[in-house]
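First residue of the sequence shown: 1, per this note's numbering; consecutive thereafter. Read through the structure below, which is laid out as structure tokens, and then see the notes.
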Amino acid sequence: MRPYTLLLLLLLPCITHAQARDNDTNYRKLAKEQRREQRRQHRDSARKAWAEERALMKLYSYDTVNEQRMIDIHLGYGILTYSTTSAENIVNGRDDGFDAPEPLGTTALGAKYYISPHFALGLCFAVEHLTGKRVDYYHRYAHIDYKQRVITIAPEVTFVFRAWGRKSWYCVIAPGYSRDTRASVTTGHFNLYQAAGFRYGGRLGGFAELGFGFRGLFNCGLSYKF
């Protein structure tokens, strides 16, 4: 056997081991690069998803605020109304003989502006219709029917304590000033309306309120937002 052949046989395990070590080192480097690339891609995708989510949240928040920060015009009719005028028996020294007027209901028109998604300020104009009888002293046992209106103007404060989709629950309080339009009695007095309400709809919707005051024990109607 030739000497260089013997030398190659002796060096062959060392060469094979060195090649295996180099292959293992290259594999480790490749695996490390792949893991690094995967982590970078994961970070990029996470950042992109977070940016998209923040953009959607901002857009949703902007739309929600815009949906709430608008003017709401509402028109309603209430029954079983209560006011100082409708509750008392109207009798004075100049024009006596009037019985307690019977309320026929209240028509109310108002507008409010949402300064936040849960808080609104507005103004309400209401007309309460009443009817009654007056004793005619010139004709025995005769009565004269009369009609009467109580006009009320009141600022109103609305608080929306829950809203989801097209539905919202709210409460409203409206302290104001009322004036009796019957010619024989010209009086003004403080009046109040407070109620809890429910509204359903988008820009055009319907509402129902249960409360106490010049707009009635039960008040319902339509409202339009723009």
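All C-beta atoms in this analysis are idealised placements derived from N, C-alpha and C, irrespective of residue type, glycine included. Predicted model, so just to flag it, every value in this text is computed and none were measured.
Asked                                                                                                                                : Found
Are the beta-carbon atoms of alanine 111 and phenylalanine 214 separated by less than 7 Å?                                           : no
Looking at the unbroken beta strand (DSSP E) that takes in histidine 118, where does it start and where does it end?                 : Per DSSP, histidine 118 belongs to no beta strand (DSSP E) and is neither H nor E.
Please report the residue range of the beta strand (DSSP E) in which leucine 210 lies.                                               : 204 to 213
Quick one: grab the DSSP three-state call for leucine 104.                                                                           : strand
My output table needs one value for arginine 54: the three-state DSSP class, helix, strand or coil.                                  : helix
Grouping DSSP H, G and I as helix and E and B as strand, with all else coil, what is leucine 192?                                    : strand
Quick check on DSSP: helix, strand or coil for arginine 149?                                                                         : strand
State the DSSP-derived secondary structure class of leucine 217, mapped to helix, strand or coil.                                    : coil
Just checking my contact of phenylalanine 218 with phenylalanine 159 at CB under 8 Å: how many whole Å lie between their CB atoms?   : Incorrect: roughly 20 Å between the Cβ atoms, too far for contact.
Mark alanine 46 as exposed unless 16 or more other C-beta atoms lie within 10 angstroms of its C-beta, in which case mark it buried. : exposed
Just the Cα atoms here: how many angstroms apart are arginine 40 and glutamine 34?                                                   : 10 Å
Compare the C-alpha of glycine 122 against each of Leu104, Thr107, Phe198 and Glu156 and name the closest.                           : Glu156
In whole angstroms, what is the alpha-carbon distance linking arginine 179 and arginine 54?                                          : 54 Å
List the residues that DSSP assigns as beta-bridge partners of aspartate 180.                                                        : Val150
Cβ atoms of leucine 222 and leucine 75: under 7 Å apart, would you say?                                                              : yes
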